[in-house]
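Quick notes on the structure that follows.
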Amino acid sequence: MAVPRTLHYTFEEVDEGIQAAIARREGNAVCNSGLVDLVGASLVFDTSLTPTTARELRAATEKAFGRPPALAANSHWHLDHSLGNQEFSTVPIWGTRRTREILLEKQDQLTAELTREGVEKEIRELEGMRGAMVSEGARDDLEFNLQIDRAILSEVGRLKLTPPDHTFETRLALPGGRGAELISFGSGHTEADSVLFLPHEKVVFAGDLVVVGVQPSMGSGNPDHWLVVLDQVERLGAERIVPGHGPVVAGDGMQEIRGYLSGVLEAAEGTAGAGLPSALRRWEGSLSLKENVRFSREWLASHRDRR
7 MAVPRTLHYT
17 FEEVDEGIQA
27 AIARREGNAV
37 CNSGLVDLVG
47 ASLVFDTSLT
57 PTTARELRAA
67 TEKAFGRPPA
77 LAANSHWHLD
87 HSLGNQEFST
97 VPIWGTRRTR
107 EILLEKQDQL
117 TAELTREGVE
127 KEIRELEGMR
137 GAMVSEGARD
147 DLEFNLQIDR
157 AILSEVGRLK
167 LTPPDHTFET
177 RLALPGGRGA
187 ELISFGSGHT
197 EADSVLFLPH
207 EKVVFAGDLV
217 VVGVQPSMGS
227 GNPDHWLVVL
237 DQVERLGAER
247 IVPGHGPVVA
257 GDGMQEIRGY
267 LSGVLEAAEG
277 TAGAGLPSAL
287 RRWEGSLSLK
297 ENVRFSREWL
307 ASHRDRR
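Using this note's numbering, you'd call the opening residue of the sequence shown number 7 and step up by one each time.
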């Protein structure tokens with residue numbers, strides 16, 4: 007069933023019983039999510055950033071499939087993909103074992119960041135950066151970050167970090183008759199990302215291992231092995247990929263993120279003053295680009311003997 011656009015999402019039917027919830031730039035969801043009829047049960051993949059956006063996903067699942075979600079899953083620990091877990095606490099929430107561990111290890115830090123004082127501090131810091139934003143793209147990105155922080159601020163007091171309560175290591179067959187699997191190829195975007203693979207329809211929900219036209223965040227994983235993981239995802243033979251950010255793409259849609267990662271690693275291997283490839287700057291989220299190069303430079307220096 008077609009699902010109408012909401013404040014935070016547009017919904018794209020990738021195949022029968024498979025909906026991509028695409029985050030709207032005007033909304034506060036930030037990341038894409040997946041709604042899947044597993045045949046006998048329904049799944050929400052990546053529960054989004056806030057209780058409000060998570061509730062939209064619950065309602066959309068019931069609208070699309072005639073039943074509420076029976077389970078949820080996280081591609082990784084970043085809060086735009088997992089903070090909405092609190093709205094799914096009555097059903098099993100799956101993630102890799104390491105994803106759960108990271109959220110537990112960071113619980114005190116993240117909880118402090120989600121207080122009114124923590125969010126207001128970040129808003130002040132972003133507002134203080136306005137004068138340094140030269141390009142229109144950078145200004146737009148900063149205003150989007152402020153929009154999201156204000157949305158979080160509006161829900162302070164209702165935010166509860168909720169790690170996955172069911173875990174797996176490398177591969178998990180999901181219930182139902184669709185043959186869906188959660189698969190982890192190890193460290194890439196984070197220390198233990200997972201993808202949702204629907205083999206009969208040849209669809210992959212890739213989380214932030216694949217992003218399209220949006221700067222990825224590289225500071226939580228292994229940029230070298232990320233490229234290896236993309237090779238392994240490609241071997242699944244998907245014909246359509248739902249990225250963590252950006253539009254649904256064909257199976258060859260991973261080439262852009264490959265090029266981005268390779269370009270950042272090349273820039274990181276250069277001198278501190280080396281220029282960045284202009285093509286990388288065109289992606290949304292340009293505030294992340296220099297940070298990605300800085301992180302990659304430090305990562306390469308600390309792992310040089312192991313490469």
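For every residue, glycine included, the Cβ atom is placed at its ideal position computed from N, Cα and C.
Notebook entry, point to check: Going by Cα to Cα distance, which pick from 36, 39, 83 is closest to residue 195?
Noted result: Proximity to residue 195 across 36, 39, 83 peaks at 83, based on C-alpha coordinates.
query = DSSP beta-bridge partners for residue 213?
reply = In the DSSP output, where bridge partners are listed per residue, residue 213 has 249.
Quiz item: Measuring CB to CB, does residue 151 end up less than 8 Å from residue 165?
Solution: No, the Cβ-Cβ distance between residue 151 and residue 165 is not below 8 Å.
- Secondary structure at residue 241, three-state DSSP: helix, strand or coil? The three-state secondary structure of residue 241, taken from DSSP, is coil.
Please report the straight-line C-alpha distance between residue 136 and residue 154, rounded to a whole angstrom. Rounded to the nearest whole angstrom, the CA to CA distance from residue 136 to residue 154 is 16 Å.
### Task
With DSSP collapsed to three states, give me the class of residue 134.
Looking at residue 134 - three-state DSSP - the assignment turns out to be helix.
For residue 305, which beta-bridge partners are listed by DSSP?
-> DSSP lists no partner for residue 305.
- Query: How is residue 279 classed by DSSP in three states: helix, strand or coil?
  - Reply: For residue 279, the predicted structure reports a pLDDT of 44, less than 50, and the residue's modelled location is therefore unreliable. The matter cannot be settled from this model.
_Where the alpha helix (DSSP H) containing residue 67 begins and where it ends_ = Where residue 67 is concerned, the enclosing alpha helix (DSSP H) stretches over 57-71.
**Asked** How is residue 18 classed by DSSP in three states: helix, strand or coil?
**Response** DSSP places residue 18 in strand when its eight states are reduced to three.
### Query
Thinking C-alpha only, which one of 81, 85, 267 is nearest residue 249?
Comparing Cα positions, the closest option is 81.
How big is the Cα-Cα spacing for residue 180 and residue 186? Roughly 6 Å between the two C-alpha positions.
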